[in-house]
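Inspection log for the structure reproduced underneath, given as structure tokens.
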Amino acid sequence: MSTLVNEPEGGSRLAERVSDAALAVYIALFVIFLLAPIVIVVMTSFTPGETVAVSLDGMSLRWYRRFLEYRPFTDSLITSLMIAALATVFAILFAVPAALGIATSRSRLANAVTSFLLSPIAVPPLVVGLSSLYYLSELGIGNSFVALLITHTCVSVPYVLRTTIAACRNLDPRFGEAASVLGASAWQRFAHVTLPLISPGVFAGALFSVLISLDNLGVSYFFGSATTTTLPVVMLSYLQNQFDPSIAAISTVQMLIAIVLLVVVEKIYGLRAINN
Amino acid sequence: MNTLANPLRAAPRRRFWISPRVVLCAPALIVLALFFGMPLYENALRSVGISAIPGAHSAFTLSYYHKLFTDPYYVGIIFETLKMSIWTTFWCLIAGYPVAYFMVRRAGRMAGPLLFVLIMPLLTSIIMRTFGWSVLLGRHGLVNNALMLLGAIEQPLRMTQGPAIVYVGNVHVMVSFMVLSIIPVLRSVDPRLEESARALGAGALRAFLLVTLPLSVDGIITGCLIVFMIINGSFIGALLLGGGSVVTLPLLIFQQFSQAQDMGFASAMGNLLLIVVLICLYVQGRLTGHHAETRA
Amino acid sequence: MKFGKLTNWKKRHAMFQSANSISGAAAGADAPATPLRSQPLSLEGVSKRFGTITALESLSLDVRAGELVALLGPSGCGKTTTLRLIAGFDYPDTGAIRIAGRDVTNVPSNKRGLGMVFQNYSLFPHLTVAENIAFGLRMAGVPKRDRAPHVARMLDLIRLPGFGDRRIAQMSGGQQQRVALARAIVTNPSVLLLDEPLGALDKNLREGMQFELKSLQHKLGITSVMVTHDQEEALTMSDRVVVMNQGRILQSGTPRDVYDRPRTRFVAEFLGAANILPFSVARGEQGWLDIAVGAPHGDARVTCRVAHALPAPLGAGASGELAVRPEKLRFGAPRDGEIAFDGVIQARVFRGSQHAYRVDVPSLKQTFSVYEQSNSTAALEPGHAVSVSIGQDDLVVLEAEPNERDGATR
Numbered sequence: 002m003s004t005l006v007n008e009p010e011g012g013s014r015l016a017e018r019v020s021d022a023a024l025a026v027y028i029a030l031f032v033i034f035l036l037a038p039i040v041i042v043v044m045t046s047f048t049p050g051e052t053v054a055v056s057l058d059g060m061s062l063r064w065y066r067r068f069l070e071y072r073p074f075t076d077s078l079i080t081s082l083m084i085a086a087l088a089t090v091f092a093i094l095f096a097v098p099a100a101l102g103i104a105t106s107r108s109r110l111a112n113a114v115t116s117f118l119l120s121p122i123a124v125p126p127l128v129v130g131l132s133s134l135y136y137l138s139e140l141g142i143g144n145s146f147v148a149l150l151i152t153h154t155c156v157s158v159p160y161v162l163r164t165t166i167a168a169c170r171n172l173d174p175r176f177g178e179a180a181s182v183l184g185a186s187a188w189q190r191f192a193h194v195t196l197p198l199i200s201p202g203v204f205a206g207a208l209f210s211v212l213i214s215l216d217n218l219g220v221s222y223f224f225g226s227a228t229t230t231t232l233p234v235v236m237l238s239y240l241q242n243q244f245d246p247s248i249a250a251i252s253t254v255q256m257l258i259a260i261v262l263l264v265v266v267e268k269i270y271g272l273r274a275i276n277n
Numbered sequence: 597m598n599t600l601a602n603p604l605r606a607a608p609r610r611r612f613w614i615s616p617r618v619v620l621c622a623p624a625l626i627v628l629a630l631f632f633g634m635p636l637y638e639n640a641l642r643s644v645g646i647s648a649i650p651g652a653h654s655a656f657t658l659s660y661y662h663k664l665f666t667d668p669y670y671v672g673i674i675f676e677t678l679k680m681s682i683w684t685t686f687w688c689l690i691a692g693y694p695v696a697y698f699m700v701r702r703a704g705r706m707a708g709p710l711l712f713v714l715i716m717p718l719l720t721s722i723i724m725r726t727f728g729w730s731v732l733l734g735r736h737g738l739v740n741n742a743l744m745l746l747g748a749i750e751q752p753l754r755m756t757q758g759p760a761i762v763y764v765g766n767v768h769v770m771v772s773f774m775v776l777s778i779i780p781v782l783r784s785v786d787p788r789l790e791e792s793a794r795a796l797g798a799g800a801l802r803a804f805l806l807v808t809l810p811l812s813v814d815g816i817i818t819g820c821l822i823v824f825m826i827i828n829g830s831f832i833g834a835l836l837l838g839g840g841s842v843v844t845l846p847l848l849i850f851q852q853f854s855q856a857q858d859m860g861f862a863s864a865m866g867n868l869l870l871i872v873v874l875i876c877l878y879v880q881g882r883l884t885g886h887h888a889e890t891r892a
Numbered sequence: 010m011k012f013g014k015l016t017n018w019k020k021r022h023a024m025f026q027s028a029n030s031i032s033g034a035a036a037g038a039d040a041p042a043t044p045l046r047s048q049p050l051s052l053e054g055v056s057k058r059f060g061t062i063t064a065l066e067s068l069s070l071d072v073r074a075g076e077l078v079a080l081l082g083p084s085g086c087g088k089t090t091t092l093r094l095i096a097g098f099d100y101p102d103t104g105a106i107r108i109a110g111r112d113v114t115n116v117p118s119n120k121r122g123l124g125m126v127f128q129n130y131s132l133f134p135h136l137t138v139a140e141n142i143a144f145g146l147r148m149a150g151v152p153k154r155d156r157a158p159h160v161a162r163m164l165d166l167i168r169l170p171g172f173g174d175r176r177i178a179q180m181s182g183g184q185q186q187r188v189a190l191a192r193a194i195v196t197n198p199s200v201l202l203l204d205e206p207l208g209a210l211d212k213n214l215r216e217g218m219q220f221e222l223k224s225l226q227h228k229l230g231i232t233s234v235m236v237t238h239d240q241e242e243a244l245t246m247s248d249r250v251v252v253m254n255q256g257r258i259l260q261s262g263t264p265r266d267v268y269d270r271p272r273t274r275f276v277a278e279f280l281g282a283a284n285i286l287p288f289s290v291a292r293g294e295q296g297w298l299d300i301a302v303g304a305p306h307g308d309a310r311v312t313c314r315v316a317h318a319l320p321a322p323l324g325a326g327a328s329g330e331l332a333v334r335p336e337k338l339r340f341g342a343p344r345d346g347e348i349a350f351d352g353v354i355q356a357r358v359f360r361g362s363q364h365a366y367r368v369d370v371p372s373l374k375q376t377f378s379v380y381e382q383s384n385s386t387a388a389l390e391p392g393h394a395v396s397v398s399i400g401q402d403d404l405v406v407l408e409a410e411p412n413e414r415d416g417a418t419r
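The following block contains the structure:
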């Protein structure tokens, strides 16, 4: 490990080994703790029986079929995906220019603007949803797809903004200078150098935005209507009313979508983008 | 990013010069102000009785807050909310710090896979995770089956509904945030500092407590505040795992909304949650800023 | 608009053709002075302040066609600021910058027709080698088909044929350096700027690249300005060295000039080792001084006559300093035109090609540095008494530093 001036006596070296082993055991237990519920749900989704439990009798896809047949599930999944995608696109359109404007300034004003634009992350989704519903109802667009989209966009902006600002700040200014000497106008600098080099950060933020939006219950809860119910809302009411393994099936599907997105972003841009 | 000076600085300024930065930030600012800031502002107004709807009855009143802070039922709920947030934060810290320490100091090649395991739960829906606990601990769940197999119990235990399981569920959901907040700060603590303390005679535990732990306080504060803020506003755990035994403010808002209660009171509850968040953000700003100064 | 950009590029290309026909020989004091307007680059009275710090103070500099000028000085001397002003990354507070006769003082950097090699190359990591090289052409609106032959020509020139599709991360430091150079010159810039171009390379690689860079520049005849803090690099590669300190130009001349005849003590000591000897004037005329070498009230002073290039001769009784390079000192009895001092060898260090001696000279109460080729004479041992001889022509009369000089007049 390291060379110490005073070599530990035999007893304390043993204590070190024991504590290292204890830590390793703890970590193993922790991993099991983290993954157990997830694994359980995935396994439950394949149960052929009616009870919500892991079955040892064999596997069946009946609950996945149930999920595909049950209109509210499929409709709300499509709604969720559309909202997530559109909200993320709008969030990118708003957040990327804002990040470009903010990233290079350290002034108090810039910090204040940044704090404000990042604040939707901190406010409880329930409060956002509630306030937004009342407000948009007053404006006449309450309880519609547009209203839901607007609210989700507001909540998505911080995720894209945060990673994009980090990417902008990590960008070496000398690339811009090199491009300029080579004749690039400000717009060309942006399009050919800045944008390609910050796009890993933008897409990492977009990934967060999509995932958060898909899972966002608090915001969507208040906008329930035929066209505007999202998957989490439907799942919750189903859980409270019917409680069968089809919830496990949908959850597994949702998880797979998230993993696929993660893998896609990682393949294109590398894990670094997400770590940042 | 832009180190190129503006040539128009040398030329005479036009009359309506708008900095390009302002133009870039404007769309985001306008949208968020209109559709995020305004709703919250109106919510705050509604909580004191001032309605934004033209023509509706509007009179300043603190009656909603009065009810909230004096009616023992609601006061109890507020305490329950705070209690849950604080305990969840505490257990996340206790459970999460060793994980962060392991990741930074001991993991080596395992750091990558371990990071994946940490992030994995964040990819799944909160419903899935919470649901998973109720399955795991259900009457036909794995734990009960294992215990019965071992002969420890005759009948399956009722474990799925109750305060303890709510905490377990909450900690499960939030501990990754705690760990991910602590890791970067812990990483910046030079391991040689702890080694120097040991070379000077301190035992391993003392060296950790006196050197590493204080230097990682920033990460601890950030993690605790994040966990506290998010749990304070969440209700899924209490809803699905509590079975009515844990009633928090967010859960109350959720449940009461469908019963068409008066808007003012709901707004007051929501506004209270918002104020707690603002306090947390302020505290975080002051504490982490202060630490950065004293270390410089 | 695309057509206009194309014309711009072709204009530069035409300029390159004519520049090629001009001999790229080093411009020395004997070259005919070319009129200011047609020179590739000139700075007039440029000054720049950052807050309370004056980075450049009324700097004037002319760079002749085809020459490689090195801006040399310690960190903070203003050389990088000067380069950035020429590039257009920042704008001077006063003064003018002219490129190819055109006043570009307020022209943004993308319209100045320059090329630049950055210290860490700043090659675009998301583009291939060929795309990096073609970038300037692409910005100028040259269509894809027409870009390819130029890129191929460049790759041949830098001896990396076929490397076009490689990623930047796959290239070694030396290769990246060459790609950065190719990227800068493919657009036929009027002036090439180099910011510590070899700073990131290993020592072994650096020497080879010095020759390569210089020969390429010479062959293409591109007017170049190089910033460096490495005196050896400046002396090796440049046609003219401009020594800067504290925002001012202290001396400008050929490497030989600046090395053998430094104007001030700073220049003398920055460009290599120098022995500094005090003297007092017996009689002074334009062009020469009768002096006594040594401290004013020392004993056994040696007298001689030295040439000087001071703007005004020093009067009788005035004092000053001389500089003489260690390799110009010789062990042995003085010959005609030489003066000598008695000394005792204190220490000797073997430096590969030469021996470096420290010789204690009691009459001057100082120590000389003397370099002798290691194969020429047998090494002398410490403690050995010697006579150190110096040619009078090798004594350089130093001017006072600019601060001291201007003190009274400001």
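Protein chains in written order, with our numbering: chain A, 2 to 277; chain B, 597 to 892; chain C, 10 to 419.
Don't be surprised by glycine CBs; every beta carbon is placed ideally from N, CA and C.
- Three or more Cβ pairs closer than 8 Å define a contact, and the stretch 224-242 of chain C falls short of that threshold against the stretch 253-261 of chain C.
- Classified as exposed, C:Glu294 has fewer than 16 neighbouring CB atoms from the shown chains inside 10 Å of its CB.
- Contact of A:Leu198 with chain C by beta-carbon distance below 7 Å involves His135.
- The continuous alpha helix (DSSP H) containing B:His662 extends over residues 659-666.
- Linking B:Leu869 to B:Asn828 through their CA atoms gives a straight-line distance of about 7 Å.
- Contact with chain A is found for B:Pro623, since one of that chain's Cβ atoms lies less than 7 Å from the residue's Cβ.
- When the five nearest sequence neighbours on each side are left out, the beta carbons in the same chain lying within less than 7 Å of the beta carbon of B:Ala655 are those of Gly645, in order along the chain.
- For B:Phe712, the uninterrupted alpha helix (DSSP H) segment begins and ends at 707-719.
- For the 7 Å CB-CB criterion, C:Ile108 and C:Leu52 do not form a contact.
- Minimum Cα-Cα distance from A:Leu78 among the listed residues A:Ala167, A:Phe244, A:Leu215, A:Thr52 corresponds to A:Leu215.
- For C:Phe288, no alpha helix (DSSP H) encloses it; the enclosing beta strand (DSSP E) starts and ends at 284-294.
- Taking one beta carbon from each stretch, the stretch 282-293 of chain C and the stretch 322-331 of chain C have 3 or more pairs nearer than 8 Å; the two touch.
- Nearest CB-CB separation between B:Leu743 and chain A: not below the 7 Å threshold.
- At a cut-off of 7 Å between beta-carbon atoms, A:Ala123 makes contact with chain B.
- When C-beta atoms of the stretch 809-824 of chain B are compared with those of the stretch 109-118 of chain A, fewer than three pairs fall below 8 Å, so the two segments do not count as touching.
- At a Cβ-Cβ threshold of 7 Å, B:Val762 and B:Gly860 do not count as neighbours.
- Close to chain C, meaning a Cβ-Cβ distance shorter than 8 Å, are the following residues of the stretch 171-184 of chain A: Asp173, Arg175, Phe176, Glu178, Ala179, Ala180, Ser181, Val182, Leu183, Gly184.
- In this structure, C:Asn141 sits away from A:Ala185, with a CB-CB distance that is not shorter than 7 Å.
- In the three-state reduction of the DSSP assignment, A:Glu51 falls in the coil class.
- Judged by DSSP secondary structure, C:Cys313 falls within the beta strand (DSSP E) whose first and last residues are 311-316.
- Taken through DSSP and simplified to helix, strand or coil, C:Ile108 comes out as strand.
- Listed in chain order, the non-local C-beta contacts of C:Phe279 below 6 Å within the same chain number zero, local neighbours out to five positions each way being set aside.
- Out of C:Leu136, C:Leu70, C:Val138, the CA that lies nearest to the CA of C:Met253 is found in C:Leu70.
- For a Cβ distance threshold of 7 Å, residue set Pro623, Ala624, Val627 of chain B lies close to A:Phe95, ordered along the chain.
- When the Cα atoms are used, C:Thr137 and A:Leu94 turn out to be separated by approximately 28 Å.
- Cβ atoms of A:Ala179 and C:Met125 come within 8 Å of each other, at about 7 Å.
- Of the candidates C:Gly75, C:Ala283, C:Leu68, C:Gly75 places its Cα closest to the Cα of C:Leu225.
- Boundaries of the beta strand (DSSP E) harbouring C:Ile258: 257-262, taken from the DSSP string.
- The C-beta of C:Gly145 comes closer than 7 Å to at least one C-beta of chain A.
- Under the DSSP assignment, C:Leu331 falls in the beta strand (DSSP E) whose first and last residues are 328-333.
- Among the residues facing chain B, A:Ala99 is included, as its CB has a counterpart in that chain under 7 Å away.
- A straight line joining the alpha-carbon of C:His227 with that of A:Arg190 spans about 31 Å.
- Residue environment: C:Glu205 is assigned as buried (16 or more neighbouring CB atoms within 10 Å of its CB, all protein chains considered).
- Within the DSSP bridge table, the entry for C:Asn254 names C:Arg257 as partners.
- Under the 7 Å criterion on CB atoms, B:Gly840 is classed as non-interfacial with respect to chain A.
- For C:Asp299, DSSP records a beta bridge to C:Arg292, C:Arg314.
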